[in-house]
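Residue numbers (the UniProt record's numbering), protein chains in the order written: chain U, 1 to 299; chain W, 1 to 274. All C-beta atoms in this analysis are idealised placements derived from N, C-alpha and C, irrespective of residue type, glycine included. Input: a single structure, listed below in structure tokens.
Have a look at this one:
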């Protein structure tokens, strides 16, 4: 077996393996298709500004962009879409186009353009995960890229003003989420019982929206009302990203109940994680070769 | 227009019936119109014919500037002006004509998804080929786009449009693609459409919907427009069910009107389908 494939992506937080949509798509697809990837996060390296993430390195070649990476993985015979019919394959392409056109502008706006979210969540996160002196440049650059993308694709030419476009992109995004919810219905995944590339794309787009603690998130509130999509996201996290899904609580009640409850639950999760860590350390100590088996265990 | 204003306007629109003198504006057919605009215009005309609503096609050199959103085509109905297929479909729905009422929620989701696929892939590929491919831009797009104007306005407008389109391609990440990859994308899009259509007469079996109008508009224009090479048309031709789909719609909706308003008859194009 050749050396494993290496994936460069942004790091994880908020119970997700990565906070970046495109990286999440690739990570999810790799889990679904059984591809073993050596994941390297670019946090705190110079790659935060030089690399276009996600990036897959294999032998001598480099592949970027989620669609290209997925094609590459399929050629390496890691194919999660093997059992789809031709029509389902066509539907996959169509729904991915829907996500890109309708949902992505609103996601970009929520994280990068909305002043509240950007100042309180996105910029601090990216600043704290970039090395000095890049932490001054990385968030600003991403934000201006996001803004220009929204304006160029969605704004009609006489009104290149973000406020007038906002209403339109959020209503389109809500409609898109409703359509996805209708399509998913009561199933676990979009095409039956096994996840496919469409599931990876949808997961990559909605997981940050569900999990990020956004100060002002009208789109997040709308998404939390769509139970089947929340359930879908949690199922994938629980089954495929086990390490970060140990003590998961359901996302939907947390957002609607008052903040005291949410704080309490977050505190409980932290305490549980701490106790897990302590248990693991304990186990390591017990099984270490220096430790004599018949002496009393440490407290 | 803000959402509230749009809702208000559509309420007003619903009150009036379809007038006799509705007009559709597009750039000059013989000399000026380009592939992407021609495709959008044909899609809207097909949709209106499918709804059975008469409309006159008026060709003006400054259609793009008259349009409220800067995009062609747009229709002038009563005292409202609406541009682009999406808003036009909603406007006509407010008037009581709709092709997609019989669809359930899942089918409607599919229809919207496929329309986005066509917009995302086919339309973007058309724009790329017209403006980002240097040879096509120099030989065809810039001369045609600026033909109604005199020097130096023609140069300025043509380059301005080219710069605008290239900026947009940059923002969505298509500027890194080369022509081969774009043709490949078109091919994949056609494959998806072909697989979805299968052997049915229309995408949602018996009744045509706005998706059929949109797909017909783009495919017919690609097949009948002469570019610097035929590769784009060849990609579409390799899917026989899409070809027969185009023939069928042409026969049903356009032949019966003596081919006057068929947009395939510009000098730029090869006439009817091969």
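Taking a beta-carbon distance threshold of 7 Å, residue 106 of chain W counts as an interface residue toward chain U.
Inclusion of residue 215 of chain U and residue 117 of chain U in the CB contact set at 7 Å is warranted, their separation being smaller than that value. At least one CB atom of chain W sits nearer than 7 Å to the CB of residue 149 of chain U. Taking the Cα positions, residue 16 of chain U is about 52 Å away from residue 146 of chain W. Annotation: the continuous beta strand (DSSP E) that includes residue 38 of chain U extends over 37-41. Under DSSP, the beta-bridge partners assigned to residue 25 of chain W are W:58 and W:74.
Classified as exposed, residue 156 of chain W has fewer than 16 neighbouring CB atoms from the shown chains inside 10 Å of its CB. In this structure the region 116-135 of chain W lies against the region 90-102 of chain U, because at least three pairs of beta carbons, one per stretch, are closer than 8 Å.
For the 7 Å CB-CB criterion, residue 137 of chain W and residue 131 of chain W form a contact. Taken through DSSP and simplified to helix, strand or coil, residue 189 of chain U comes out as strand.
Within the region 116-127 of chain W, those residues whose Cβ lies closer than 9 Å to any Cβ of chain U are, in chain order, 116, 117, 118, 119, 120 and 121.
For the 7 Å CB-CB criterion, residue 83 of chain W and residue 91 of chain W do not form a contact. Considering only beta carbons, the part of the UniProt domain "Metaxin glutathione S-transferase" (173-236) of chain U lying closer than 7 Å to chain W consists of 179, 182 and 183, in chain order. Exposure of residue 247 of chain W is indicated by the presence of fewer than 16 other C-beta atoms within 10 angstroms of its C-beta. Distances from the CA of residue 63 of chain W to each of W:235, W:76, W:253 and W:45 were compared; the closest alpha carbon is that of W:76.
Only those residues of the region 70-92 of chain U whose C-beta falls short of 8 Å from the nearest C-beta of chain W are listed: 86, 87, 89, 90 and 91. Within chain U, the C-beta atoms nearer than 8 Å to that of residue 196 of chain W come from 87, 90, 91 and 94, in chain order. Residue-level contact by beta carbon fails for residue 16 of chain U and chain W, as no gap is shorter than 7 Å. Under the Cβ distance rule, residue 113 of chain W counts among the residues neighbouring chain U, one pair being separated by less than 7 Å. A residue is called buried once 16 or more other Cβ atoms fall within 10 Å of its Cβ, and residue 169 of chain W is buried on that count. In terms of Cβ geometry, residue 192 of chain W and residue 43 of chain W do not form a close pair [threshold 7 Å]. Within the region 148-177 of chain W, the residues whose Cβ lies closer than 7 Å to some Cβ of chain U are 167, 168, 171 and 172, listed in chain order. DSSP places residue 175 of chain U within a helical segment (H, G or I) once states are collapsed to three. For residue 39 of chain W, the nearest beta carbon of chain U is not closer than 7 Å to its own beta carbon. Put simply, the region 172-179 of chain U does not touch the region 133-150 of chain U. Fewer than three CB pairs are less than 8 Å apart.
Contact between the region 225-242 of chain U and the region 127-147 of chain U is absent: fewer than 3 CB-CB pairs across the two stretches fall below 8 Å. Distance from the Cα of residue 22 of chain U is smallest, within the candidate group U:67, U:61, U:120 and U:268, for U:67. By the beta-carbon neighbour count (other beta carbons within 10 angstroms, threshold 16), residue 270 of chain U is exposed.
Per DSSP, the continuous beta strand (DSSP E) segment holding residue 57 of chain U begins and ends at 55-58. Look at residue 184 of chain W here: in three-state DSSP terms it is helix. At least one CB of chain W lies nearer than 7 Å to the CB of residue 152 of chain U.
Looking at W:55, W:30, W:17 and W:188, the one whose alpha-carbon comes closest to that of residue 96 of chain W is W:17. Sixteen is the threshold: since fewer than 16 other Cβ atoms of the shown chains lie within 10 Å of the Cβ of residue 65 of chain W, the residue is exposed.
Residue contact check for residue 192 of chain W against chain U: a CB pair falls below 7 Å. Contact between the region 30-45 of chain W and the region 201-221 of chain W is established, with three or more Cβ pairs separated by less than 8 Å. At a cut-off of 7 Å, the C-beta of residue 166 of chain U has no neighbouring C-beta in chain W.
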